[in-house]
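There are 2 protein chains.
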Amino acid sequence: MKNHVYINEIGKFVGQEIVLKGWLYNKTHKGKLYFLMLRDGSGLIQGVVFKPDVTDAVFEACEKLTLESSLMVTGTVREDKRAVGGYELQIKDVQIINIAGEYPISPKEHGVEFLMDNRHLWLRSSRQFAILKIRHEIIKACRDYFDSNGFVLIDAPIFTPAACEGTSTLFETEYFGEKAYLTQSGQLYMEPAAAAFGKVYCFGPTFRAEKSKTRRHLTEFWMIEPEVAFMDLDGDMDLAEDFLVHIVTRVLENRQEELKILERDLKPLESVKKPFPRIHYDEAVKIVKEAGLEFIDGNDLGAPDETAISEKFDRPVMVHRYPAEVKAFYMKNDPQDPGRALCVDVLAPEGYGEIIGGGQREDDYQTLVNKIQKHNLPMSAFEWYLDVRRYGSVPHAGFGLGIERTVAWICKLPHVRETIPFPRMLHRLTP
Amino acid sequence: MKNHVYINEIGKFVGQEIVLKGWLYNKTHKGKLYFLMLRDGSGLIQGVVFKPDVTDAVFEACEKLTLESSLMVTGTVREDKRAVGGYELQIKDVQIINIAGEYPISPKEHGVEFLMDNRHLWLRSSRQFAILKIRHEIIKACRDYFDSNGFVLIDAPIFTPAACEGTSTLFETEYFGEKAYLTQSGQLYMEPAAAAFGKVYCFGPTFRAEKSKTRRHLTEFWMIEPEVAFMDLDGDMDLAEDFLVHIVTRVLENRQEELKILERDLKPLESVKKPFPRIHYDEAVKIVKEAGLEFIDGNDLGAPDETAISEKFDRPVMVHRYPAEVKAFYMKNDPQDPGRALCVDVLAPEGYGEIIGGGQREDDYQTLVNKIQKHNLPMSAFEWYLDVRRYGSVPHAGFGLGIERTVAWICKLPHVRETIPFPRMLHRLTP
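What follows is the structure, encoded as structure tokens:
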């Protein structure tokens, strides 16, 4: 069999005869010429069929080819600076594998619901292709960062017996006569893991049964959560900062082409450099009020508040020391200012809001017991978690980064639904 | 602050004074000497406290230290070939962070249920440490393999509307008034993704509500599933073979120390080289019968059958072309022998059974429609899946590798429960 080559490697075969296997992305016809735009999942290339060069059967095959039909073509690679990708294929033979029925997605505008119903086909469009390649790059950058910095991957369980932050937004399932809940965060599991491995992370799907229908919410989303023993809030902010710079740098290095397809303005990404501004909650509230937004003191920051804050900076901004009351029970209070939690939220620029939430954990046994009681949580469910404080407790901290919101920001998408191959939302469980 | 160093980097600091932060793993006392075995998650090192070298307070601190207490020590690094890890720390100062209560896990034998109840602490033992470091290496090797071979990561959804292979072993959840099921495989989603991206993979948790209590079953386990357009069964076997050799080679290269802790015999791993034997189902059945096992012709291979087959070979064995009736509806039938499926199971050596299942998918629209009908599956649930055959169908194939079984095999563990940080099984939902 002849040399089957992928389009993204075609530059190595200039002047050679090769075989491409793929799908027809576009077709134009001018007299004795057919221009076949081909895609094979690795890229796009234009193939040229010139009638005198091919048999009548091949030229007829070109006529028959519909959009998204699958085919195998044989041809010679030519360099052509004007062509998509810089190369062109002079086609000698076309073998049809499957003639596609009338393809439902056309370059014309489709409604979002229609595209979402056809998500399995929509993936073939160049925009979705670019987004998901960037998603892959981001995920790989995340893992590579922790893998090369001495972190051990400790997958957190999906089935959990108790709730991390209340039960109202949990998905529940029967578990052989018991109730199990789908995880909302691996953090509680990362803490004992950090006491065993020093530096750990988990990366997996997490679930939230929220009825909110916003551009930031999915019911199923991926989260990466590092946790480090002997790290405090300052160290946590250093880590978050270094990590985000790494991610953005990697996308800029390796996904220029895809960012171009998305027409992403690169300036805001290029300014994601250390140091990020670190502002106290009180300062953040001041910005919110100055922006003319109504704000009740002591509240958590809402989406419009976050947008107002992030607009003041050219890079991600870290807001630390929220009122302890609006944060989870496991956060450590600031010894200098006990009403505040040693926590940090990182807000993405350009109005994308919170992409990281984290902080230092309460490491004192009795204080944590008191907090569990104060929050009316069942003590028995947390005995194992308290063990981390019983047996060699140490200061420790960590955070969680939401992948989909990060993809939305880096790609500058209007909605998270395009950031994951098969999004799950309120009223959206298919395909 | 003095130089905080991790134990696995300590060789760079010979002769220097450094700070270690960690936990007391073991302690012995001889007259004017304390030997403190320290762990910090990156390794173990022995620290020596010599009374004349330290203040009385430091020597008293050593007395107070209980197992798993957390501490910070300052000392000078010395090379010592006889020592664990090759280095020793001459301790000058000890700062206690937290005195641990009586640690429940001791070197004495504990029952499995006790250890599983204390999984969050059990992780600190050297054996669990070694296993989970190898798990991490395997997962990284899997991802690196596909990432560096042109595959695009396409995360499959966890919530699915319909069943892939029957509903009896599915976990179910309420999804805003609908029923959703937790995925058992991402394959159906990988097929349209392969038609978009050519070569794809997904890697995530999958779920099976099986009541079986065997050494091979978890209710929640991780699976990596590649899918490739224009690949047939032979190509699928080539891929599986190359992939497994890559994984084993990486573990041998990077995890010698951990394999040693597990006292793993390396010979069987070192013989995992290409080519793997590829045997027809009929030949496999012959081996089963020759081994004296009862076998009903046409049945699927059970665990004892797989063990008998794998024992005949020194490396993974690929069994192909099972009767179509025992395999899933989406498998393509062999055109040369229509009663057989173009499928392959890869059986691990040393009795570990199936670690990979895969094959070529049915790519003909009408044949697939007939199969869905024959299996009494609701056609409407598969319309999107049929679209892959309607719009540019191509031959395609893939497989799924179960991570936990692979870890069990490579580490040679008696049970999969030790292969995942927080195992979920029948009657096991905590910690």
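Here the protein sequences line up with chains B and Z, keeping their order.
If you're matching positions, the first sequence starts at 1 in the numbering used here and goes up one per residue.
If you're matching positions, the second sequence starts at 432 in the numbering used here and goes up one per residue.
All C-beta atoms, glycine included, are put in the ideal place defined by N, C-alpha and C.
Nearest to residue i by CA position, among the options, is which residue?
i	options	result
residue 7/B	281/B, 169/B, 75/B, 198/B	75/B
residue 695/Z	520/Z, 838/Z, 513/Z	838/Z
residue 480/Z	459/Z, 815/Z, 470/Z, 473/Z	459/Z
residue 518/Z	441/Z, 769/Z, 642/Z	441/Z
residue 60/B	84/B, 34/B, 44/B	34/B
residue 417/B	220/B, 397/B, 152/B, 279/B	220/B
residue 527/Z	451/Z, 553/Z, 601/Z	451/Z
residue 413/B	239/B, 261/B, 361/B, 168/B	261/B
residue 711/Z	657/Z, 591/Z, 748/Z	748/Z
residue 432/B	115/B, 346/B, 266/B, 15/B	Nothing about residue 432/B can be reported from this structure: the residues present for chain B run from 1 to 431 only.
residue 515/Z	814/Z, 557/Z, 846/Z, 730/Z	557/Z
residue 840/Z	511/Z, 611/Z, 562/Z, 469/Z	562/Z
residue 367/B	354/B, 283/B, 335/B	335/B
residue 296/B	310/B, 326/B, 394/B, 278/B	326/B
residue 200/B	560/Z, 656/Z, 683/Z, 667/Z	560/Z
residue 583/Z	612/Z, 571/Z, 544/Z, 633/Z	633/Z
residue 863/Z	668/Z, 495/Z, 782/Z	Residue 863/Z falls outside the range modelled here, since chain Z spans only 432 to 862, and no answer is possible.
residue 667/Z	818/Z, 792/Z, 800/Z	792/Z
residue 389/B	461/Z, 714/Z, 580/Z, 532/Z	532/Z
Should residue i and residue j be called a contact, given that it needs their Cβ atoms to be closer than 8 Å?
i	j	result
residue 275/B	residue 314/B	no
residue 67/B	residue 94/B	no
residue 233/B	residue 402/B	no
residue 248/B	residue 285/B	no
residue 755/Z	residue 772/Z	yes
residue 625/Z	residue 659/Z	yes
residue 520/Z	residue 472/Z	no
residue 356/B	residue 399/B	yes
residue 618/Z	residue 638/Z	no
residue 484/Z	residue 523/Z	yes
residue 568/Z	residue 752/Z	no
residue 157/B	residue 381/B	no
residue 171/B	residue 604/Z	yes
residue 446/Z	residue 469/Z	no
residue 426/B	residue 590/Z	no
residue 750/Z	residue 775/Z	yes
residue 622/Z	residue 827/Z	yes
residue 121/B	residue 104/B	yes
residue 145/B	residue 243/B	yes
residue 239/B	residue 423/B	no
residue 500/Z	residue 455/Z	yes
In this structure, what does DSSP give as the bridge partners for residue i?
i	result
residue 508/Z	445/Z, 520/Z
residue 765/Z	768/Z
residue 501/B	No statement about residue 501/B is possible, as the shown extent of chain B runs from 1 to 431 and does not include it.
residue 26/B	37/B
residue 709/Z	749/Z
residue 827/Z	660/Z
residue 428/B	425/B
residue 377/B	In DSSP, residue 377/B forms no bridge with anything.
residue 50/B	33/B
residue 345/B	319/B, 357/B
residue 98/B	70/B
residue 476/Z	469/Z
residue 666/Z	Partner(s): none; residue 666/Z has no beta bridge.
residue 452/Z	503/Z
residue 401/B	224/B, 356/B
Along the chain, where does the beta strand (DSSP E) containing residue i start, and where does it finish?
i	result
residue 497/Z	Taken as a continuous stretch (DSSP letters only), residue 497/Z belongs to no beta strand (DSSP E), as it is neither H nor E.
residue 355/B	353 to 360
Starting from residue i, trace the alpha helix (DSSP H) in both directions and tell me its first and last residue.
i	result
residue 738/Z	734 to 741
residue 819/Z	814 to 821
residue 268/B	267 to 270
For residue i, which residues in chain C fall below 9 Å Cβ to Cβ?
i	result
residue 133/B	Any reference to chain C falls outside this structure, whose protein chains are B and Z.
Beta strand (DSSP E) segments (min. 3 residues) lying fully within the stretch 583 to 664 of chain Z: 603 to 606, 609 to 613, 630 to 638, 651 to 660
Extract the residue ranges of the alpha helix (DSSP H) inside the stretch 542 to 590 of chain Z, only unbroken runs of 4 or more that lie entirely within it. 543 to 548, 550 to 553, 557 to 578
To test your reading of the DSSP string, which unbroken alpha helix (DSSP H) runs of 4 or more residues are found completely within the stretch 672 to 696 of chain Z? 687 to 692
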